[in-house]
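Chemist: Please read through the structure below; I'll follow up with questions.
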Amino acid sequence: MKAVLIDPTTKAISVIDLRSVNWATNMFFGERPTPALKLPRSEILLAAKSRGGDAFVLGGSRPIGGPGLIVGRKLEAGERAPALVDPDQVAQMVRWTSIEEPDTAETRTTVRAIEIDPERRSIEEFSIAPTMHAVLSRMGGEIRLQFRAPGGDAVFAAADAARNFPEWRKDDATFTGRCIIVGHGSRSGRLVDVAASLTNLRESVTFRSSADNSWTSYECASENSTAGRSD
């Protein structure tokens, strides 16, 4: 199903193949979107509840926080027909802006995640929007679910990660290439704060390059990196 994605974070307007509204919820919004604008030919703009941060204005609309999806008329079972609007016309109507983000827990729009990069031999915590689209953007390309960890965490890797990529290991599980670990609600399907401990990962994860058979701990890798720097 054709849809038009308006992404104020990347300031891009693109045509995408929308599998379903439920799929879009997990991919772009983190919560079920609702109609934000009615458009000609029974099309609508879907968006999540307005939030702080990057936003856009479509025509004379109010600022809309986060991404928006233009979809076609309503079909059965809550699905939508393909969008007919010309994306070039949409681009002429869109103005990028931002919404001041209230400093309250109820309006929090990011979750904690952990990135493990065996090439850099780094393990870092960062904040990310609670959408699969944000994970895709962080990874810089297509991703795949590599592992479901205890506590509800999901480990995502690059879809093209190959055997000749550097690896990292946690307990008995080995992972290829750079990965992002983020919490995944089993009931809601939404991304949530990562359950894994940053300290525990730094104490238990080891790294291996494609040309090396031995594993190196994060602590040793950090010490070698520090020793290799010159003041």
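The sequence shown lines up with residues 1053 to 1283 when you count with this note's numbering. Even glycine gets a Cβ: it sits at the ideal position worked out from N, Cα and C.
So which of A1064, R1164, F1199 has the shortest CA-CA distance to F1183?
Modeler: In the sequence shown, the residue the question calls residue 1183 occupies position 131. The identity of residue 1183 in the sequence shown is Thr, whereas the question assumes Phe. If we check each option's Cα against that of T1183, R1164 comes out closest.
Chemist: Quick one: grab the DSSP three-state call for D1155.
Modeler: Here residue 1155 is taken as the residue at index 103 of the sequence shown, counted from 1. Since pLDDT at D1155 reaches only 49, below the 50 mark, its modelled position is unreliable, and no value is offered.
Chemist: For R1173, does the three-state DSSP call read helix, strand or coil?
Modeler: For the purposes of this step, residue 1173 is taken as residue 121 along the sequence shown, with counting starting at 1. Correct three-state label for R1173: coil.
Chemist: Excluding the 5 residues preceding and the 5 following L1197 in the sequence, name in chain order all residues of the same chain whose CB lies nearer than 7 Å to its CB.
Modeler: Counted from its first residue, the sequence shown places residue 1197 at position 145. Result list for L1197: A1206, F1208, in chain order.
Chemist: Sorted by chain position, which residues of the same chain lie with C-beta nearer than 6 Å to C1231's C-beta, five sequence neighbours on each side aside?
Modeler: By 1-based counting over the sequence shown, the position of residue 1231 is 179. Excluding positions up to five away in sequence, the list reads I1168, V1207, A1209.
Chemist: Tell me whether W1267 sits in a helix, a strand or coil according to DSSP, three-state version.
Modeler: In the sequence shown, counting from the first residue as 1, residue 1267 sits at position 215. In the displayed model, W1267 falls within coil according to three-state DSSP, outside both helix and strand.
Chemist: Near G1120, which residues of its chain fall below 6 Å by C-beta distance, leaving aside the five closest residues on each side in sequence?
Modeler: For the purposes of this step, residue 1120 is identified with residue 68 of the sequence shown, where counting begins at 1. Excluding sequence neighbours, G1120 sits near I1058, L1097, A1099.
Chemist: Could you tell me whether the Cβ atoms of R1221 and T1258 are closer together than 8 Å?
Modeler: The sequence position of residue 1221 within the sequence shown is 169, counting from 1. The sequence position of residue 1258 within the sequence shown is 206, counting from 1. In contact: R1221 and T1258 (Cβ atoms closer than 8 Å).
Chemist: Would you mind stating whether I1122 and V1137 have Cβ atoms separated by less than 8 Å?
Modeler: As a first step, residue 1122 is located in the sequence shown; it is residue number 70 there, counting from the start. As a first step, residue 1137 is located in the sequence shown; it is residue number 85 there, counting from the start. For the 8 Å CB-CB criterion, I1122 and V1137 form a contact.
Chemist: Please report how far the alpha carbon of E1177 lies from the alpha carbon of E1128, in whole angstroms.
Modeler: Taking the first residue of the sequence shown as 1, we reach residue 1177 at position 125. Taking the first residue of the sequence shown as 1, we reach residue 1128 at position 76. In this model, E1177 and E1128 are separated by some 42 Å (Cα to Cα).
Chemist: Using a Cβ-Cβ cut-off of 6 Å (strictly less than) and excluding sequence neighbours within five positions of P1085, which residues of its own chain qualify?
Modeler: Along the sequence shown, read from residue 1 onward, the residue named residue 1085 stands at position 33. Result list for P1085: L1098, A1099, A1100, in chain order.
Chemist: Let me check one thing: in DSSP terms, what residues is R1125 bridge-paired to?
Modeler: Mapped onto the sequence shown, residue 1125 falls at position 73. DSSP, once it has assigned bridges, lists no residue as partnering R1125.
Chemist: So what's R1190 in DSSP terms, helix, strand or just coil?
Modeler: What you label residue 1190 is simply residue 138 of the sequence shown in a count that begins at 1. Reduced to three states, the DSSP call for R1190 is helix.
Chemist: Can you tell me whether DSSP reads R1070 as helix, strand or coil?
Modeler: The residue given as residue 1070 occupies position 18 in the sequence shown. Just to set this straight, residue 1070 is Leu in the shown sequence, not Arg. In this structure, L1070 counts as coil in the three-state DSSP scheme.
Chemist: Residues in its own chain within less than 6 Å of G1203 by CB, not counting five upstream and five downstream?
Modeler: Residue numbering aside, residue 1203 sits at position 151 when the sequence shown is read from its first letter. So the list reads A1247, once near-sequence residues are dropped.
Chemist: Can the beta-carbon of A1055 be found less than 8 Å from the beta-carbon of I1068?
Modeler: Within the sequence shown, numbered from 1, the residue matching residue 1055 stands at position 3. Within the sequence shown, numbered from 1, the residue matching residue 1068 stands at position 16. For the pair A1055 and I1068, the CB atoms are nearer than the 8 Å cut-off.
Chemist: Less than 6 Å between C-beta atoms, sequence neighbours within five positions excluded: which residues of the same chain meet that for I1151?
Modeler: In the sequence shown, counting from the first residue as 1, residue 1151 sits at position 99. Here the set comprises G1104, A1107, P1115, G1117.
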